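Quick note: the sequence shown uses my numbering, first residue 319, plus one each step. Read through the structure below, which is laid out as structure tokens, and then see the notes.
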Amino acid sequence: MKARVKICGLTRVEDVNAAVACGADALGFVFYEPSPRSVTVEQAERLVQHVPAFVSVVGLFVNPTEEQVRGVLERIPLDLLQFHGDEPADFCSQFGRRWIKAVRVQSAEQVERAFSDYHAAAGLLLDAWDPQRYGGTGHSFNWDLIPQERSLPLILAGGLSSDNVFRAVEQVKPWAVDVSGGVEQSKGIKDIEKISDFIKEVHRVCKTD
């Protein structure tokens, strides 16, 4: 089965165009001001104009207020909401939009519990644990903590790059992979060659199955 690819943390039109040209299935825009990859609503409005049909637009939030999410939705045609903080399921579900929940992995039991607690999600994104940061750490985690049987589509994140994504997809068999820092020149500035190499490695797994 082909794993989908989401390129996250896009801040420039040329990077949106590069991700689309290389075959990304989804593009992520960060609405979390402390992040070096954050964009304003005005910036995002300009960026999403360059996203063609059949490429999903994902909005990433970290512990937002209801007003913040609704304010973005009023102006940006998000296909999917991604909650990357400590949001409970009932908060995530209130916007009438499909959503995924990110979990910073600490234990197998925590992951199993998250599949249950967020059963209404369109997918569960597993990322590396960091006590100070909500994602974007550049670190991977122990993939052996991921259950083989899953009740939701699994999105794998955390320290992925063209160097390890083939092994990640082959071992974990996720529905999708999510990358940000692994395809960058610097924070928020993507590298087209790294994007291309990353997506080629993901697709190479399918050819060897």
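All C-beta atoms in this analysis are idealised placements derived from N, C-alpha and C, irrespective of residue type, glycine included. Please read all numbers here as calculations on a predicted model, not as lab measurements.
**Limits of the alpha helix (DSSP H) - the one that residue 389 falls within** = In the sequence shown, counting from the first residue as 1, residue 389 sits at position 71. Bounds of the alpha helix (DSSP H) holding residue 389 are 384–393.
**Asked** residue 498 by DSSP, collapsed to three states: which one?
**Response** In the sequence shown, the residue the question calls residue 498 occupies position 180. Here residue 498 sits in coil by DSSP.
**Asked** What do you get for residue 425, buried or exposed, if any count of 16 or more other CB atoms within 10 angstroms of its CB means buried?
**Response** Locating residue 425 in the sequence shown gives position 107, counting from the first residue. Exposed: under 16 other Cβ atoms inside 10 Å.
**Asked** Taking C-alpha atoms, which residue in 440, 463 and 476 lies nearest to residue 448?
**Response** Counting from 1 along the sequence shown, the entry for residue 448 is found at position 130. Cα-wise, what sits closest to residue 448 is 476.
**Request:** Give every residue of the same chain whose Cβ lies closer than 6 angstroms to the Cβ of residue 346, excluding the five residues on either side of it in the sequence, and list them in chain order.
**Result:** The residue you call residue 346 lines up with position 28 of the sequence shown. So the qualifying residues of the chain are 324, 326, 376 and 378.
**Message:** Suppose you measure from the CA of residue 373 to the CA of residue 493; what does that come to, to the nearest Å?
**Reply:** Here the question's residue 373 lines up with position 55 in the sequence shown. Here the question's residue 493 lines up with position 175 in the sequence shown. Distance between the alpha carbons of residue 373 and residue 493 is about 16 angstroms.
**Message:** For residue 483 and residue 520, which I take to be in contact (beta-carbon distance under 8 angstroms), what is that distance rounded to the nearest angstrom?
**Reply:** What you label residue 483 is simply residue 165 of the sequence shown in a count that begins at 1. What you label residue 520 is simply residue 202 of the sequence shown in a count that begins at 1. So it is a contact: roughly 6 angstroms between Cβ atoms.
**Asked** Anyone know if the C-beta pair for residue 413 and residue 468 falls short of 8 angstroms?
**Response** Taking the first residue of the sequence shown as position 1, residue 413 is located at position 95. Taking the first residue of the sequence shown as position 1, residue 468 is located at position 150. Taking 8 angstroms as the cut-off, the Cβ atoms of residue 413 and residue 468 do not count as close.
**Asked** Given 8 angstroms as the limit, is there contact between the segment 336–350 and the segment 388–404, that is, 3 or more CB pairs closer than that?
**Response** Look at the beta carbons and you see the segment 336–350 touching the segment 388–404: at least three pairs across the two are nearer than 8 angstroms.
**Prompt:** Quick one: what's got a C-beta closer than 8 angstroms to residue 369's C-beta in the same chain, skipping five residues either side?
**Reply:** Here residue 369 refers to the residue found at position 51 when the sequence shown is read from its first residue. Only 334, 338, 345 and 375 meet the Cβ criterion.
**Asked** Taking the C-alpha atoms as reference points, what is the distance between residue 506 and residue 438?
**Response** Locating residue 506 in the sequence shown gives position 188, counting from the first residue. Locating residue 438 in the sequence shown gives position 120, counting from the first residue. CA-CA distance, residue 506 to residue 438, rounds to 31 angstroms.
**Request:** Taking only runs that begin and end inside the segment 338–377, name each unbroken beta strand (DSSP E) of 3 or more residues, in chain order.
**Result:** DSSP assignment within the segment 338–377 yields the following whole beta strand (DSSP E) runs of 3 residues or more, N-terminal first: 344–348.
**Request:** List the whole-angstrom C-beta distance separating residue 321 from residue 495, where the pair is believed to meet the contact cut-off of C-beta under 8 angstroms.
**Result:** On the sequence shown, residue 321 is found 3 positions in, with the first residue counted as 1. On the sequence shown, residue 495 is found 177 positions in, with the first residue counted as 1. Confirmed, about 6 angstroms.
**Asked** Mind checking residue 486: buried by the 16 CB within 10 Å criterion, or exposed?
**Response** Locating residue 486 in the sequence shown gives position 168, counting from the first residue. With 16 or more Cβ atoms within 10 Å of its Cβ, residue 486 is classed as buried.
**Request:** Could you pull the start and end residues of the beta strand (DSSP E) that residue 420 belongs to?
**Result:** Along the sequence shown, read from residue 1 onward, the residue named residue 420 stands at position 102. Start and end: 417–423.
**Request:** Taking only the alpha-carbon atoms, compute the straight-line gap between residue 472 and residue 420 and give it to the nearest angstrom.
**Result:** One-based indexing of the sequence shown puts residue 472 at position 154. One-based indexing of the sequence shown puts residue 420 at position 102. Those two C-alpha atoms are separated by around 10 angstroms.
**Request:** In the DSSP assignment, find the unbroken alpha helix (DSSP H) run with residue 429 in it and report its ends.
**Result:** Position 111 of the sequence shown holds residue 429. From DSSP, the alpha helix (DSSP H) with residue 429 extends over 426–435.
**Asked** How would you write the range of the beta strand (DSSP E) that residue 462 sits in, first residue to last?
**Response** In the sequence shown, counting from the first residue as 1, residue 462 sits at position 144. In this chain, residue 462 is not harboured by any beta strand (DSSP E), its DSSP state being neither H nor E.
**Prompt:** Excluding five sequence neighbours on each side, which residues of the same chain lie with their C-beta closer than 7 angstroms to the C-beta of residue 524?
**Reply:** Sequence index remark: in the sequence shown, residue 524 carries index 206 (1-based). Listed in chain order, the non-local C-beta contacts of residue 524 below 7 angstroms within the same chain comprise 320, local neighbours out to five positions each way being set aside.
**Those residues which DSSP pairs with residue 399 across a bridge** = On the sequence shown, position 81 is the one that residue 399 refers to. Bridge partners of residue 399: 377 and 417.
**Backbone CA spacing between residue 430 and residue 353 [nearest angstrom]** = Start at 1 with the first residue of the sequence shown, and residue 430 comes out as number 112. Start at 1 with the first residue of the sequence shown, and residue 353 comes out as number 35. Taking the straight line from one Cα to the other gives about 28 angstroms.
**Request:** Using beta-carbon positions only, say whether residue 443 and residue 400 come within less than 8 angstroms of one another.
**Result:** Working through the sequence shown from its first residue, we reach residue 443 at position 125. Working through the sequence shown from its first residue, we reach residue 400 at position 82. Going by C-beta atoms, residue 443 is nearer than 8 angstroms to residue 400.
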